[in-house]
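Engineer: Residue numbers (the numbering used here): 42 to 213. In this text, a Cβ means the ideal position worked out from N, Cα and C, and glycines have one as well.
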Amino acid sequence: DMKCLVAYSSVGHMSLVTLGCLSNISMGVKGALFIMIGHGLCSSGMFSLVNVFYSHSGYRNLYMNKGFLMKSPILCLVGFLLCSSNMAAPTSLNLLGEVLMFICSYVISFCFLLLLMAMTMVSRVYSLHLYTSTCHGKGSESMMGWDIVSYSSVFVLLAHWLPLNFLFLFMP
Numbered sequence: 042d043m044k045c046l047v048a049y050s051s052v053g054h055m056s057l058v059t060l061g062c063l064s065n066i067s068m069g070v071k072g073a074l075f076i077m078i079g080h081g082l083c084s085s086g087m088f089s090l091v092n093v094f095y096s097h098s099g100y101r102n103l104y105m106n107k108g109f110l111m112k113s114p115i116l117c118l119v120g121f122l123l124c125s126s127n128m129a130a131p132t133s134l135n136l137l138g139e140v141l142m143f144i145c146s147y148v149i150s151f152c153f154l155l156l157l158m159a160m161t162m163v164s165r166v167y168s169l170h171l172y173t174s175t176c177h178g179k180g181s182e183s184m185m186g187w188d189i190v191s192y193s194s195v196f197v198l199l200a201h202w203l204p205l206n207f208l209f210l211f212m213p
């Protein structure tokens, strides 16, 4: 289920926020704030992406939503941008927050750093699995009569991605 993958990734991000808030270190709280803002933009964009996939295929199952790259390359490009930002790619606000969280967790304990690395890895795997499962592969038979995605859907997704990747310029 595509919505479950986005929700599981959200749980991973919120566990990072919990670690940052409970660390009682200013760097950890600042990292948690950056992750919260980035997560708000990124997860809502990913849920919108899942909604676009669902509205065109009628299924939320990953295996029924393969091959979107052949049907709508622009949608898969924006989907990749959102998924990579969710994986804390460079220039995303999530990267800034996660770097601060890694430093904060190392200050607290090396064990926390290892736990944090495992949590972020799981979140990245969920995002990568969502992208590769929906955009690559042979499309299902139910998608053969699929219509072209509207540009308004792409603009909604870009409205989530652009602030997520340019807000770091304005963060103190």
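(1) Since residue 203 is in the alpha helix (DSSP H), which residue starts that stretch and which ends it?
(2) Is the CB-CB distance between residue 62 and residue 123 below 9 angstroms?
(3) Roughly how many whole angstroms lie between the Cα atoms of residue 140 and residue 72?
(4) Suppose contacts are defined by Cβ-Cβ distances below 9 angstroms. Is residue 157 in contact with residue 74 by that definition?
(5) If we require 3 or more residues per run, which beta strand (DSSP E) segments fall completely within the segment 46-88?
(6) Can you name, in chain order, every residue of its own chain whose Cβ lies under 7 angstroms from the Cβ of residue 209, other than the five neighbours on each side?
(7) If you run the structure through DSSP and keep just helix, strand and coil, what is residue 107?
(8) Find the nearest neighbour of residue 51 within the set 65, 110, 126, 114, judged by alpha-carbon distance.
(9) Quick one: what does DSSP say residue 132 is sitting in, helix, strand or coil?
(10) Indicate the three-state DSSP secondary structure (helix, strand or coil) for residue 179 in the structure shown.
(11) Please classify residue 179 as buried or exposed, where buried requires at least 16 neighbouring CB atoms within 10 angstroms.
(12) I believe residue 53 touches residue 90 by the beta-carbon criterion, under 8 angstroms. Please report the beta-carbon distance rounded to the nearest angstrom.
(13) Three or more C-beta pairs under 8 angstroms: does that hold for the segment 108-118 against the segment 168-178?
(14) Looking at C-alpha atoms only, which residue of 130, 164, 101 is the closest neighbour of residue 49?
Structural biologist: By the coordinates alone:
(1) 192-207
(2) no
(3) 8 angstroms
(4) no
(5) none
(6) 132, 134, 137
(7) coil
(8) 126
(9) coil
(10) coil
(11) exposed
(12) Residue 53 to residue 90, Cβ: 18 angstroms. No contact.
(13) yes
(14) 164
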